[in-house]
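Those sequence lines, one after another, are chains A and L. Residue numbers for the first sequence follow numbering that gives the first Met the number 0, so the first one is 0 and each next one is one higher. Residue numbers for the second sequence follow numbering that gives the first Met the number 0, so the first one is 0 and each next one is one higher.
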Amino acid sequence: MHEKVSRDEYYLSQPKGAHWYPYEDHGGTILAIAGEDFSLVGSDTRLSEGFSIHSRDHPHTYRLSEKTVMGSVGFHGDVLTLKKLLDSRLKIYEHEHNKAMTTSAIAAMLSTMMYGRRFFPFYTNTILAGMDENGKGCVYSFDPIGSYERELFRAGGSASSMLQPLLDNQIGFKNQGDVPHTPLTLEKALALIKDVFISAAERDIYTGDGVCINIITADGVRQERFPLRRD
Amino acid sequence: MSLFATERPKSGFSFENCARNGVLEKTGFTAPTAVKTGTTIAGLVFEDGIVLGADTRATEGSVVADKNCSKIHFLAPNMYCCGAGTAADNDMVTQKISGELELLRLNTGRMPRVCAANRILKQMLFRYQGHIGAYLVLGGVDTTGPHLYSIHAHGSSDKLPYVTMGSGSLAAMSVFESRYKPNMKREEAMQTVRDAIAGGVFNDLGSGTNIDLCIITKDKVDYLRPYDEANIKGQRQGSYRYARGTTGVLNTTVKKIDYDVTSAAIKQLEVMETD
């Protein structure tokens, strides 16, 4: 409906017209957990745009090295570009230093790469997961312009606001009084990720189709998949 | 709003909050979004009558508000209406017109015709210039035969042998356009409508969970809810129950409440299980 405006308001207002917007949201949810000697990063496998589905089998996790996996959601063009740039920077480092980059080094580098685009950001929510120099699991989470922090667990993407409080309760033992803080085993963490994605798929329209979990240990990276509801 | 509980509220829409809401929006306050149904709804005319179908997901933005809501609304014993768009508008409009049809039946002594429901609905929706967000698929069987209409929120309606509405309407219509034939048998018609709604349930993010069907014929109505439970929640492995005492008690105060005993009696009560 058209609101009544004065003649001056109409002629002095901004020109109206269709505007090209550089970003689009392709949905998806990611989740990473760091354990004592392992690290997990899982994502759903749905790629969507608006109310449509582009692909039911396109995981949002990308292997960077034997010890590090990146999960990234948001604008898919920027997700792929970020992965491409990281891959080439990792290769250059390996050639120059004759060793693979540590997870903490990759995290620090990613932060500077993202802040370099401070005024035309990578529209992505990224989480790095891997093994640190001491063989312990680590998780680094980033905002679109590179602010990062090492954490024990983090959820990102469209259903992150539904998953993060559950993780705070189950892994961080928040709001649970004097419950004993039992250390998280790989089996329990895997079961938790599966259950948590089942719940996310119930209430978030952008999460579904399948889950792809990357398990990073001292022996390398292995993948596990299982189906989710497809509606 | 009247403070007296005994005073009957004025009927119809109340525009009391409009001025205040306008001011709030200018100061930057974002109003809460209405629950929309996202939705795939469809209807088709077959040999013996009408088959209506609908999904069961209601969304609030990108969150599923209701996983199993009912979108096929009762209008009359011989007429049902599927609704897409704003959930509250669909519920209220169909209830209002259902009442008007009953009054029409009492005043004329005849079963109301589908064209009457169509006229009343579109004239009301046009009067509100589309602000009542009701997008309907109206179907029913009356003395002149089976009739199917699609009605838009701005007040236009189309009388057709097969129609779809909602965000999943394109997915559903693609199934209809490839499989519709005039005078289909009951089983084939039910399967086609089920498949059309399934197209929306799986390929449209605004539609999901179950498929409801409603088959209306001259003699009876079959309201099948759910007709197809196409999506079931995955089995969770862990148990997330909390042991008693998980929520810590910070402090306890006991207050004495003075009361008078007026009568005493012994009653057998069912003990409530809380585990």
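For every residue, glycine included, the Cβ atom is placed at its ideal position computed from N, Cα and C. Just so it is clear, the structure is predicted and the values come from calculations on it, not from any experiment.
7 Å Cβ cutoff, residue i in contact with chain L
i	result
residue 197(A)	yes
residue 55(A)	no
residue 190(A)	yes
residue 175(A)	yes
residue 234(A)	Any question about residue 234(A) goes unanswered here, given that chain A covers just 0 to 230.
residue 208(A)	no
residue 230(A)	yes
Under the three-state DSSP convention, the category residue i falls into
i	result
residue 144(L)	strand
residue 122(L)	helix
residue 31(L)	coil
residue 46(L)	coil
residue 134(L)	strand
residue 338(L)	It is not possible to answer for residue 338(L), since the shown part of chain L is limited to 0 through 274.
residue 269(L)	coil
residue 178(A)	coil
residue 57(A)	coil
residue 164(L)	strand
residue 91(L)	helix
residue 151(L)	coil
Chain-ordered neighbours of residue i on chain A, where CB pairs are closer than 8 Å
i	result
residue 48(L)	Near residue 48(L) there are no residues of chain A at all, since even the closest Cβ is about 29 Å away, more than 8 Å.
Distance, residue j Cα to residue i Cα
i	j	result
residue 76(L)	residue 220(L)	8 Å
residue 90(L)	residue 81(L)	10 Å
residue 129(L)	residue 122(L)	11 Å
residue 62(L)	residue 202(A)	6 Å
residue 154(L)	residue 145(L)	22 Å
residue 185(A)	residue 40(A)	12 Å
residue 201(L)	residue 72(L)	23 Å
residue 238(L)	residue 99(A)	40 Å
residue 168(L)	residue 222(A)	37 Å
residue 57(L)	residue 208(A)	19 Å
residue 74(L)	residue 87(L)	16 Å
residue 144(A)	residue 77(A)	12 Å
residue 223(L)	residue 213(L)	6 Å
residue 141(L)	residue 83(L)	24 Å
residue 116(L)	residue 136(L)	11 Å
residue 97(L)	residue 184(L)	29 Å
residue 41(L)	residue 51(A)	19 Å
residue 67(A)	residue 127(A)	7 Å
residue 194(L)	residue 164(L)	15 Å
residue 65(L)	residue 198(A)	14 Å
residue 217(A)	residue 188(A)	17 Å
residue 20(L)	residue 10(L)	21 Å
residue 156(A)	residue 166(L)	23 Å
residue 38(A)	residue 214(A)	6 Å
residue 253(A)	residue 70(A)	Because chain A is modelled from 0 through 230, residue 253(A) falls outside the range shown and cannot be assessed.
Cβ of residue i within 7 Å of any chain A Cβ
i	result
residue 9(L)	no
residue 230(L)	yes
residue 19(L)	no
residue 198(L)	no
residue 207(L)	yes
residue 233(L)	yes
Per-residue contacts from residue i into chain A (C-beta, under 7 Å)
i	result
residue 202(L)	52
residue 166(L)	50
Amino acids of chain L, ordered along the chain, whose beta-carbon sits closer than 9 Å to that of residue i
i	result
residue 205(A)	61, 204
residue 178(A)	241, 242, 245
residue 47(A)	204
Contacts that residue i makes with chain A (C-beta to C-beta distance below 9 Å)
i	result
residue 42(L)	Those within 9 Å of residue 42(L) in chain A number zero; the least Cβ separation is about 21 Å.
residue 237(L)	169, 187, 190, 191, 193, 194
residue 58(L)	204
Proximal residues of chain L, C-beta to C-beta of residue i below 8 Å
i	result
residue 201(A)	63, 66, 232
residue 227(A)	233
Chain L residues whose Cβ lies nearer than 7 Å to that of residue i
i	result
residue 157(A)	61
Cβ-heavy atom distance, residue i to the ligand NAP, below 6 Å
i	result
residue 94(L)	Inclusion of the ligand NAP in the displayed structure is not the case, the ligand content being empty and no account of it being possible.
Three-pair Cβ contact test at 8 Å for the segment 79-91 of chain A versus the segment 59-67 of chain A: yes
At least 3 beta-carbon pairs within less than 8 Å: the segment 239-259 of chain L vs the segment 203-222 of chain L: no
Inter-stretch contact at 8 Å, needing at least 3 Cβ pairs: the segment 172-179 of chain L / the segment 134-150 of chain L: no
At least 3 beta-carbon pairs within less than 8 Å: the segment 169-177 of chain A vs the segment 132-144 of chain A: no
Three-pair Cβ contact test at 8 Å for the segment 203-211 of chain L versus the segment 225-232 of chain L: yes
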